[in-house]
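Peer 1:
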Amino acid sequence: AVGAAYAIKRADASRAVVCYFGEGAASEGDAHAGFNFAATLECPIVFFCRNNGYAISTPTSEQYRGDGIAARGPGYGLLSIRVDGNDVFAVYNATREARRRAVAENQPFLIEAMTYRCGLPPEFPLLPAVFPPGFARPCGIPPVIGHHSTSDDSSAYRSVDEVSYWDKQDHPISRLRLYMAQRGWWDEPQEKAWRKSSRKMVLEAFEQAEREPKPPPRLLFSDVYLEMPPRLRRQRAELERHLETYGEHYPLQHFQK
């Protein structure tokens with residue numbers, strides 16, 4: 001991201017890069033290098049940290065002892081701000097101003113948005129409950145519990161009461177909905193019409209995606225390197241021999257040729 005921002009600066013393109021990451025990624029060495037390069041090279045970039053309290057299963061109390069991520073910014077020479085990540089308008093305004101400063105002044109900016117890893121709020125039953133536990137919801141729609149991924153069971157490291165509080169009391173979608181309703185910008189008939197049309201759109205997209213053939217298996221080996229290294233050529237040849245022998249045991253008809 002910083003390299004792209006530096007290229008934009010050299011091209012005088014009047015644009016900026018936004019890099020989104022979680023507080024867990026901020027513990028990686030790449031974050032240090034990115035912050036430092038962005039500051040010393042004065043790159044037009046906005047670092048947007050979504051601090052949702054967990055790096056998969058590791059809570060923030062076990063990730064750092066300092067005052068979060070925004071507090072690290074001044075040490076690198078980055079303008080920094082912490083916002084309520086569940087407040088749509090706070091996030092919008094902070095990001096808008098950070099982008100303006102990045103473009104106008106080549107000033108890198110760090111935003112830490114304090115939030116929580118939730119799914120859809122309880123009042124948003126957008127899809128019927130026909131998907132088994134752990135199944136990836138269509139179009140990125142998460143289950144209500146908000147697991148990290150389909151292989152993650154967050155009930156192993158956070159309580160039902162904790163998740164329930166955030167889902168019911170401080171969910172960003174619920175907060176925005178109530179804000180709009182209180183000002184007469186949204187009402188129950190609009191809500192019902194929106195749910196109906198959105199559900200139809202998502203299910204149609206899901207059905208269309210299911211009909212599309214899967215990418216060809218050869219892309220496992222060809223979509224990383226410009227020139228395929230010998231080890232990958234050997235692995236590809238091994239897979240081809242395997243499929244020639246045992247191909248009838250695989251649903252190859254669902255893949256592109």
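Per full-length UniProt numbering: the sequence shown = residues 1 to 257. From the three backbone atoms N, C-alpha and C, an ideal C-beta is built for every residue, glycine too.
Return the bridge partner residues of threonine 58 from the DSSP annotation.
Peer 2: Ala55
Peer 1: My output table needs one value for methionine 20: the three-state DSSP class, helix, strand or coil.
Peer 2: The sequence given here places tyrosine at residue 20; methionine does not occur at that position. DSSP places tyrosine 20 in strand when its eight states are reduced to three.
Peer 1: Determine the direct distance from the alpha carbon of glutamate 105 to that of alanine 26, and round the result to whole angstroms.
Peer 2: 25 Å
Peer 1: Use the C-beta contact count for glutamine 107: other C-beta atoms within 10 angstroms, 16 or more gives buried, fewer gives exposed.
Peer 2: buried
Peer 1: In the structure shown, what three-state DSSP assignment does isoleucine 81 receive?
Peer 2: DSSP places isoleucine 81 in the strand class (E or B) of the three-state scheme.
Peer 1: Mind reading off the beta-carbon distance from proline 213 to histidine 254? Whole number of angstroms is fine, and I expect it under 8 Å.
Peer 2: 6 Å
Peer 1: Touch check for the stretch 7 to 16 and the stretch 51 to 68: three-plus C-beta pairs under 8 Å?
Peer 2: no
Peer 1: Measuring alpha carbon to alpha carbon, tell me which residue in Gly24, Pro229 and Ser149 is nearest serine 61.
Peer 2: Gly24
Peer 1: Would you kindly work out how many angstroms separate the C-alpha atoms of alanine 90 and serine 164, rounded to a whole number?
Peer 2: 24 Å
Peer 1: Put alanine 1 into one of helix, strand or coil per three-state DSSP.
Peer 2: Coil at alanine 1, not helix or strand.
Peer 1: Whose CA, out of Glu162, Leu178, Lys168 and Gly184, lies closest to the CA of proline 59?
Peer 2: Glu162
Peer 1: Would you call serine 222 buried or exposed, if buried means 16 or more other Cβ atoms sit within 10 Å of its Cβ?
Peer 2: Classification for serine 222: exposed.
Peer 1: Could you tell me the boundaries of the alpha helix (DSSP H) in which leucine 220 lies?
Peer 2: 219 to 222
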